[in-house]
Amino acid sequence: MSHNIYELFATKFGENRDDPFLTLPDGDSHTYGQLDRRSAAMAAVLADGGAQPGDRVVVQVDKSVDAVALYFACLRAGFVYVPLNTAYTPDEIGFFLGDAEPAVFVYPPDLAGKLKPVADIANVKRTFTLSHDGGGTLADTASQVTALGGVVEREADDVACMLYTSGTTGRPKGAMLTHGGMATNSLALHHIWRFRPGDVLLHTLPIFHVHGLFVALHCAILNASEVIFCHRFDVETVRRHLRESTVYMGVPTHYVRLLNDPEFGPHDCQTIRMFTSGSAPMTEVVFNQFTERTGHVICERYGMTECGIITSNPPEGQRIAGTVGYALPEMELRIADEADRVVDDGDVGQVQVRGPHLFSGYWLLPDKTAESFTADGFFRTGDIGWLAGDGRLTLAGRGSDMIISGGYNVYPKEIELKLDEMPGVAESAVVGLPHDDLGEAVTAFIVAESHINDEVLRAALDGKLAKFKQPKRYIYLDALPRNTMGKIQKGELRRAYDELYRSP
Ligand code: MLC
Ligand code: AMP
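Per our numbering: the sequence shown = residues 85 to 588.
This is the structure:
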């Protein structure tokens, strides 16, 4: 029996061919049958272009119906789908292409001048373009070919997707997600969130991360739901379409922005049965304000690229501010000390998880993979938390100094390395400081050895680092705080500048 996750989807596509799947804000609707056919055509184009099952297909394209079809095309044909954040610069893309060694790279036509040379340097054999409005060589060719029928057989542990996530070294690692792991997680989530006939999902997340691509879309497909598919988040669009939806999935910044609109209120949310939040911590203030304003209690859940969704508050039963709920079915969750010994309920330690939902390892990095698992097969999430006696998890922070800005992870090391190599910079420390809108704002502390200013630093990072990673503020210090071992004390910087972004 094939374990290709697309088999699960194909059943839904087959049973619901004429039903709306992706409906754009302008009303233009694409049925389940259309997406199925389009993905089969795209699979044929990629195969003709030389892609074989198991080959990587790297994709940096805008959110669109065809971008979703391209994802399905890769799944059904057994290609490994590798989506990249559209904010990444050509410099950053160069690294991913070199690392993933894809058979095919797909990018927007208007970036050809910048990205084709990068693909050539990385020796990518075949490139296609795809635009947000249905244009590009991939779209054009897909409209002319004979579709690739059927679904390629895959084992449960065959890799379906690879998503890059960074680490303490600043070098991104490709997390390999398997057909079996993704299917297990999606089915569990669809079940515990009690998806039901008639549910309509309002989708405003990007589709290059697990939240927008897997959590949101997989639940909708398994439910044969209609998805109101917005290009991006903005308050006005969300308010307009909430009234036609039953489920909304967001990051905390979305909820902060909705609350900042004084007109937003219960009248916008009358059809909604569930608001979920994740990818970053939600403050109790926002959680409570949302309930006071709308009458809805946000269902906070906790996930990670390597694991999919790990825990969720219950859709029925109590959702508690500041907690991320209970482990999903088949997901074993424990809190351990530094020696991987399980601690008592209520004690704070590192969150570790085990089960069939997990990724299979980091691409070409067996040592990193081994380090990230305990001897008995639990994955070290890097998050810190504690469990209540009934199994409810509360997160208390992160083990590393990773920053989460508006739901995107930012790794200080990557930015510090770029800053430190600049003339005039003696050393730097990058930290996340509390920010009402983004949760945390990337902030750089600089020790200068000659005259340097924000403008010079910004100009030097532009083009090298995606905008969302670039520091929102630079602070110049005579020296960085260090402990007796010489280690930079980032905690001290965070404490001293805690109020930097808070309005007076
Ligand atoms: C955009 N900008 C950001 C930013 N997003 N800066 C810091 N942090 C961010 N997250 C910058 C842009 O570069 C630009 O800079 C300016 O802000 C305005 O850009 P924009 O495109 O208009 O931004 P906006 O649409 O307002 O985006 C904000 C956002 C977006 C919150 C809607 O960041 C977003 O969609 N976040 C969701 C991330 C997500 O899906 N995470 C899931 C990860 S999966 P300038 O200088 O040009 O003005 C995961 C697992 C799990 O974590 O559990 O789910
Ligand atoms: P990523 O590597 O992009 O998948 O991000 C995963 C990280 O996001 C986790 O390790 C957590 O640190 C964080 N995260 C996800 N959901 C939540 C949540 N509900 N509350 C706090 N942090 C979260």
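Every residue, glycine too, gets a C-beta built ideally from N, C-alpha and C.
Fair warning: this is a prediction, and the values are worked out from it, not measured in the lab.
What would DSSP say about residue i, mapped onto helix, strand or coil?
i    : result
H263 : helix
Y585 : coil
R377 : helix
L501 : helix
V322 : helix
S270 : helix
I404 : coil
F359 : strand
M126 : helix
T213 : strand
L92  : helix
F97  : helix
A472 : coil
V370 : helix
P346 : coil
L549 : coil
G182 : helix
I488 : strand
L106 : strand
T453 : helix
E524 : strand
T337 : helix
H519 : strand
H535 : coil
G233 : coil
G430 : coil
G197 : helix
F243 : Reading the sequence as shown, one finds Val at residue 243 and not Phe. Strand, per DSSP.
A423 : coil
A543 : helix
G597 : For the chain, the structure presents residues 85 to 588; residue 597 sits outside this window and is missing.
A364 : coil
A226 : helix
Going by the DSSP bridge assignment, what does residue i pair with across the sheet?
i    : result
Q436 : R418 and R464
A513 : F529
P496 : DSSP lists no partner for P496.
R566 : I572
C314 : None; C314 has no bridge partner.
G258 : Y248
R385 : S396
V188 : V141 and R210
V331 : L285 and M358
S444 : Partner(s): none; S444 has no beta bridge.
A411 : T395
H114 : L106
I559 : F529
Could you name the residues of the same chain whose beta carbon sits closer than 6 Å to that of residue i, not counting the 5 residues immediately before and after it, in chain order?
i    : result
R140 : V164, V166, A184 and P186
F317 : T288 and H338
V426 : R418 and A420
D120 : F97
G473 : D429
S113 : P104 and T107
For residue i, collect the residues of the same chain with a Cβ closer than 7 Å to its Cβ; drop the 5 residues on either side in sequence, then sort them by chain order.
i    : result
D352 : R323, L326 and R327
T221 : F212 and T213
V437 : C391, I394, M415, E416, L417, F462, F463 and T465
E511 : D504, V531 and L564
Could you check if residue i is buried or exposed, using at least 16 other CB atoms within 10 Å of its CB as the buried criterion?
i    : result
E310 : buried
G433 : buried
Y560 : exposed
G387 : buried
L503 : buried
T453 : buried
N372 : exposed
L412 : buried
M333 : buried
N207 : exposed
K553 : buried
K594 : Not covered by the structure: residue 594. The range shown for the chain is 85 to 588.
A459 : exposed
Please list, in chain order, all residues of the same chain as residue i whose beta carbon is under 8 Å from its beta carbon, the five residues on each side excluded.
i    : result
S566 : According to the sequence displayed, residue 566 carries Arg and not Ser. Once the five neighbours on either side are set aside, the close Cβ partners of R566 are I572 and Q573.
A513 : P496, E500, A528, F529, L564, I572, K574 and L577
F457 : F463 and R464
T262 : A240, D241, D242, V243, A244, F443 and S444
V370 : P336, Y339, V340 and L343
R542 : Q554
Looking at chain C, is there any beta carbon in it that lies within less than 8 Å of the beta carbon of residue i?
i    : result
A405 : The structure shown has no chain C; it contains just one protein chain.
*Any beta strand (DSSP E) of 3 or more consecutive residues that is wholly inside the segment 132 to 179*: Counting only runs of 3 or more, we get 140 to 143 and 164 to 167.
*At what residue ranges does the segment 283 to 311 contain a whole run of the beta strand (DSSP E), taking only runs of 3 or more?*
As far as the segment 283 to 311 is concerned, its whole beta strand (DSSP E) runs of at least 3 residues are 284 to 287.
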